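Residue numbers (full-length UniProt numbering): 1 to 1169. Don't be surprised by glycine CBs; every beta carbon is placed ideally from N, CA and C. All of these numbers come straight from a predicted model, not from anything done at the bench. Before any comments, here is the structure.
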Amino acid sequence: MERFRLALEKGNLSDLGWKGNKFTWSNKHEDDTFTKERLDRAVANPRWAHLYKEYWVEVLVGRCSDHRPLLLVSSKKDRNIWRGKKVFRYEAGWAKDEECEGVIRREWDRGEERGEKSLNFMNLLDNCSKALGKWNNQNKFNRVRAIKEKTEVLKKLQEDEGRHNSAEIKRVQRERRRKNSISQVLDDRGRVFRGQVEVDEAFRSYFERLFSTSNPNTAAMEKCLQNIVPWVTSEMNERLSRPFSKLEIEVVIKSMAPLKSPGPDGFGACFYQNHWATVGDKVCSTVLDLLNGKTSFSSVNHTFIVLIPKSKDPKLVTEYTPISLCNVIYKVASKVIANRLKEVLSASISANQSAFIPGRIITDNVMVAYEVLHSMKVSKKGKKGSMAIKLDMSKAYDRIEWPYVIAVMKRLGFCDGWTSLILKCISSVSFSVLINGTPGEVLLPSRGLRQGDPLSPYLFILCAEGLSSLLNNSDLRGNTKGISVARHGLRVNHLLFADDCILFCRASVEEWRKMQDLLLIYEKASGQFLNKEKTAVFFSSNTSVEVKRKILVEGGAIVQGSYDKYLGLPTMVGRSKYNTFRSLKERVWQKISNWKNFFLSGAGKEVMIKAVLQAIPSYTMSVFMLPKRLCKEINVMLFRFWWKNQKNSSGIVWRSWERMSQSKEGGGLGFRNLTSFNSALLAKQAWRILQNPSSMVATIFKQKYFRSSSLLEAKLGRAPSQIWRSIWSSLDLLKEGLRWRVGDGQNINIWGQRWLPTPSSFRVQSPNPLLNTCVLVKDLMFEGRKVWNEGFIKSIFSKEEADMIISIPLSKRDVDDRMIWGPSKKGIFSVKSAYHLEESRSRVSIGESSEQNGLGKLWKSIWGLNIPGSTKSFLWKAGNNLLATRKNLRSKRIVEDSRCPICLQEEETVLHVLWQCPAANDVWSGSVISVQKWRVGEGDLLGLLEVLTEKLSIGDMEEVAVVLRGLWLRRNTFVFESKLLSHTYVISTARESLEEYQSSCGKITEIRQQANTGGLVHSWSPPDVYWFKANWDVALDVKQRKLVVSRKAFVDQPAIAEGWALRKAMELCEDLRFNKVIMEGDAQVVVNAVNSQIEDLSYFGSIIEDLKVQMKEWPNWSVKFANRNTNTAAHTLAKEALHIDLEKIWIEDIPVCISDCLLRDYCIVNTDI
1 MERFRLALEK GNLSDLGWKG NKFTWSNKHE DDTFTKERLD RAVANPRWAH LYKEYWVEVL
61 VGRCSDHRPL LLVSSKKDRN IWRGKKVFRY EAGWAKDEEC EGVIRREWDR GEERGEKSLN
121 FMNLLDNCSK ALGKWNNQNK FNRVRAIKEK TEVLKKLQED EGRHNSAEIK RVQRERRRKN
181 SISQVLDDRG RVFRGQVEVD EAFRSYFERL FSTSNPNTAA MEKCLQNIVP WVTSEMNERL
241 SRPFSKLEIE VVIKSMAPLK SPGPDGFGAC FYQNHWATVG DKVCSTVLDL LNGKTSFSSV
301 NHTFIVLIPK SKDPKLVTEY TPISLCNVIY KVASKVIANR LKEVLSASIS ANQSAFIPGR
361 IITDNVMVAY EVLHSMKVSK KGKKGSMAIK LDMSKAYDRI EWPYVIAVMK RLGFCDGWTS
421 LILKCISSVS FSVLINGTPG EVLLPSRGLR QGDPLSPYLF ILCAEGLSSL LNNSDLRGNT
481 KGISVARHGL RVNHLLFADD CILFCRASVE EWRKMQDLLL IYEKASGQFL NKEKTAVFFS
541 SNTSVEVKRK ILVEGGAIVQ GSYDKYLGLP TMVGRSKYNT FRSLKERVWQ KISNWKNFFL
601 SGAGKEVMIK AVLQAIPSYT MSVFMLPKRL CKEINVMLFR FWWKNQKNSS GIVWRSWERM
661 SQSKEGGGLG FRNLTSFNSA LLAKQAWRIL QNPSSMVATI FKQKYFRSSS LLEAKLGRAP
721 SQIWRSIWSS LDLLKEGLRW RVGDGQNINI WGQRWLPTPS SFRVQSPNPL LNTCVLVKDL
781 MFEGRKVWNE GFIKSIFSKE EADMIISIPL SKRDVDDRMI WGPSKKGIFS VKSAYHLEES
841 RSRVSIGESS EQNGLGKLWK SIWGLNIPGS TKSFLWKAGN NLLATRKNLR SKRIVEDSRC
901 PICLQEEETV LHVLWQCPAA NDVWSGSVIS VQKWRVGEGD LLGLLEVLTE KLSIGDMEEV
961 AVVLRGLWLR RNTFVFESKL LSHTYVISTA RESLEEYQSS CGKITEIRQQ ANTGGLVHSW
1021 SPPDVYWFKA NWDVALDVKQ RKLVVSRKAF VDQPAIAEGW ALRKAMELCE DLRFNKVIME
1081 GDAQVVVNAV NSQIEDLSYF GSIIEDLKVQ MKEWPNWSVK FANRNTNTAA HTLAKEALHI
1141 DLEKIWIEDI PVCISDCLLR DYCIVNTDI
């Protein structure tokens, strides 16, 4: 296969794809040894693709051979592409122009002048779109001229590269236009529709039928939902029905992806984020009117349907997935509702579902399904076998009946007001199908949930509870029986992930019929039906041949699909893991073989490898340990891709992949080591089992593999599954990163376990002359009090360890000791921290170069410069001596003469080209003033950069970086074109490129800051009447390890100090019996942690959890973030307290040190003074 790839590359041949069945060969076996592959392909070079405008490859039916014939259909005529009226779209780049904000503000002001209430929000957007369109047309001349200039530059670059590349670009553009247009289509009856009008009619008719209700009767829905137990309490309904706030809307707006496709109004999320100061108030009032029922949803709920092909070259209308483009203003309202709905879903949806539920992920279903199937496969005992039925609901979202949605919600206990609001969202929609960019006629659906509506996923899983309740009740009554992976263990009868469903039951015709009856009940009530092409059955090993035959005969046309994969991963791994997962290598090669990738710069290739190529195996590696051979082969492919260029099939290799995979601070490029990354992903699964012992996946694994022990003490066991082998192999990494966070100290041994926040060992190192080895951490506290016994601790441990122990915060409540993830500041497992831990573990045995450690600071400063990515990539190559200088080329035996081609005097090294050469000196004489007359005696470029970094400002260093790259480009121009560019040209070009790049970045940063700080107050503001405000801050003397707020010694972590300070502020407010208090501080980490619903697992998490409990006791208290400028009084007072030895409280007097701060705040509030 490797030789075949090389032959394609050398011949510049590309795969033309396929239509129909992907697989072209099979061994035609009728038992478990059946296999099929795509062995036959049609390939062509770019010249052929340029000659034939339209082509496709059909896989035909094979009659005699075990290979299927291929039919290549081609045409030299290009298809006519419809160009309809252009739909308005707000361009994100407009925000960079200051005039754009003025146009929007003027239109918004005119709307207010006409009467804000009488002017509909959508009409206001329509007027704004017209004004922006007119403004854009007026400025279009300048943009067209700029585009022409850039086009000429591109043409010149293409000519430099050769005619072949220019032809390739045109071919790709033509191919993209062909794929993005629909010239003809077949409807579900096989009729052909050609041209814009006919195609639009075909899709309109199809979606009219798809979105038309089947009128389910009440009796069918009642029969389906009769076993659902209401779990929505009155308290939950109160939380759902509380008044909507402006803050919820602002949070949603900021969290939206700015560049996602807009709806029919043409305004994406970036419009609202970039111009929030102008449009924010009107947006909030409009959304609140929608949510409160003052405005109809139909005014904002028109939707475009875009068609996403399911296959490479679709023909039928059913081969397109409809994705809804909703107006952002509707999506904001829908997202606000969805955010509230998520709050009550987590603990209520059955454990059999894992889609869209916070805390549950797709791999939960994969792992449970794999373990059940593995048990079925290895099961040799028992008279009755078992079977697994994989189902797929056809057009699952589009066929959901609205009455069924409301019936489910009412059955679950949702109040009438909430269900009424949901019904308004889903029933007020209207559609227009976009065909070749032109919207068609308006459709009014009577059923269906839109894919693209933030609310739809959560409504769908609520609807799936109907099916789940039917299956669970059947299992409870004994009509059907699920499968257990261990004796007397949990029985699994079904798993659901969105529209993917897998059922488990006994292998008998009776249970097959009962399952079909249950599915039929669900289909009649919900409007859905099975996709027969994707339905498949898997039998356990102890199922008799006769029973299999009867079930397959009973299933008939339903059982047609393949059971090779579930949720994209293999359901079984055979003896050869390499053969099972080698398709990952094929997918990586397909991405690499795209000719466009060879035109990427070094920075572009870096992004391509990290963000695309190395991400391909990530999903598989999250549950399976890949063979090292496969990881090595993928690394080789990435290695070749990095050094390959568009002119040479191999390129010159300047550095090994292992050194390139080092971190950027270590002199590498930070490419992932796939083996270490695989271990980190698997350790995450082990962490989730450890943290969620009551989850289905944790229960299944415990019952099967470590019933009588803990996960950390588990053995591999007998006949383990491939997933358990993989997770078990990562336990050493998990154990290395786990730490104890002290609670009551009853589970932590002082001498043997990791509980100190000190790097390296995290264990006590002091000798133990007094205590036995079984003493627990609780013995270091005063009995009955949550306070450290400082005198006792200092008498036993060394001074450093004693101070460290005393600095550990203790909870005032009776809380258990907790296992946390030490490498992360938040105490929560992260793959990134686990990966770096695994890399450090692997480096322990081989050691680490002290030279690289010493240069870490230098590399960090280089990568942190605000310069183009291509310049950073160049500096990396230059700093590591990887440039193609004459000396380096001679070492590779490519050239014989190593002298500098410009001065012809000295040997051409990297330092010589960029610094020592007389030609380079001419350039530096006109560049940064600080280096014009420098003479540095460093032996390599890294040494030079280290000196420059120490002596130059960041701005000067950035100019030096682009000039260095300019010198190298100048040298290449001389070598290949015999032209020596002037030193003024090099400097001016470098400066212009730097200014253009930084200007672009500066505008983007400014826009983001404006969006993020739209309503941020930069001066202190007083609370409302009958409210108090408590501003808190802390001063920390790191040298003396002294925290002044609570007189707590030996605190050296700012987060812990800030937590202590907030606790002290709450204690003071509690003593004064203040009921309504706003507590403001400038510690964002602490404020976010206190307001988070998730348990804080950091080292200071015990303090945070205490503060949360106290907040619940005082429901009118709130903790908010305050900018440092608004918190000056508290900050100044805390710093002054460092010089006070005793605790001091001012009740009526004002401390002198903050009198000026208070006076300034008072004057700002009372502007008339």
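Per DSSP, the unbroken alpha helix (DSSP H) holding residue 520 starts and ends at 509-526.
For residue 430, the enclosing beta strand (DSSP E) stretches over residues 430-435. Take the alpha-carbon of residue 307 and the one of residue 962: they are about 45 Å apart. Contact check for residue 430 against residue 444 passes: the beta carbons are separated by less than 8 Å.
Using a C-beta cut-off of 8 Å, the segment 612-631 makes no contact with the segment 872-891, since fewer than three inter-stretch Cβ pairs fall below that distance.
Judged by their CB atoms, residue 435 and residue 332 are not nearer to each other than the 8 Å cut-off. A check of alpha carbon separations from residue 13 across 505, 1146 and 594 identifies 594 as the nearest. Between residue 566 and residue 390, the beta carbon gap of about 7 Å places them in contact (Cβ cut-off 8 Å). Excluding residues up to 5 positions away in sequence, 580 lie with their Cβ nearer than 6 Å to the Cβ of residue 570 in the same chain. Per DSSP, reduced to three states, the secondary structure at residue 489 is coil, with no helix or strand assignment. Counted as a single uninterrupted DSSP element, the alpha helix (DSSP H) harbouring residue 284 occupies residues 276-291. According to the DSSP assignment, residue 127 belongs to the alpha helix (DSSP H) that extends over 121-138.
Boundaries cannot be given for residue 784, as no alpha helix (DSSP H) includes it and DSSP labels it neither H nor E.
In the assembly as shown, residue 759 is an exposed residue. Its beta-carbon has fewer than 16 other beta-carbons within 10 Å. Residue state for residue 506 is assigned as strand, using DSSP reduced to three classes.
If you draw a straight line from the Cα of residue 186 to the Cα of residue 548, it is about 38 Å long. For residue 902, no alpha helix (DSSP H) run applies, since DSSP gives it neither H nor E. Uninterrupted alpha helix (DSSP H) stretches at least 4 residues long and entirely within the segment 357-445 occur at 362-378, 402-412 and 416-427, given in chain order. Around the CB of residue 767, fewer than 16 other CB atoms lie within 10 Å, so the residue is classed as exposed. DSSP lists 56 as the bridge partner or partners of residue 73. In the DSSP assignment, residue 974 falls within the unbroken alpha helix (DSSP H) covering 954-977. Residue 1146 counts as exposed, since fewer than 16 other beta carbons sit within 10 angstroms of its beta carbon. Beta-bridge analysis with DSSP links residue 326 to 303. For residue 536 and residue 552, the gap between their C-alpha atoms comes out near 10 Å. DSSP lists 1121 as the bridge partner or partners of residue 1081. The DSSP assignment places 1077-1081 as complete runs of the beta strand (DSSP E) inside the segment 1055-1081, in order along the chain (cut-off: 3 residues). Membership of residue 819 in the beta strand (DSSP E) is indicated by the continuous run 818-821. By DSSP's assignment, residue 1030 forms a beta bridge with 1079. Between the C-alpha atoms of residue 761 and residue 1054 there is a straight-line separation of about 23 Å.
For residue 125, the number of other beta carbons within 10 angstroms of its own is at least 16, and it is reported as buried. Secondary structure at residue 615: coil, using DSSP grouped into helix, strand and coil. If you compare the alpha carbons of 99, 123 and 312 with that of residue 110, the shortest gap goes to 123. Pairing residue 57 with residue 72 gives a Cβ-Cβ distance under 8 Å.
In terms of Cβ geometry, residue 555 and residue 512 form a close pair [threshold 8 Å]. In the structure shown, the three-state DSSP call for residue 582 is coil. For residue 537, the enclosing beta strand (DSSP E) has its first and last residue at 536-539.
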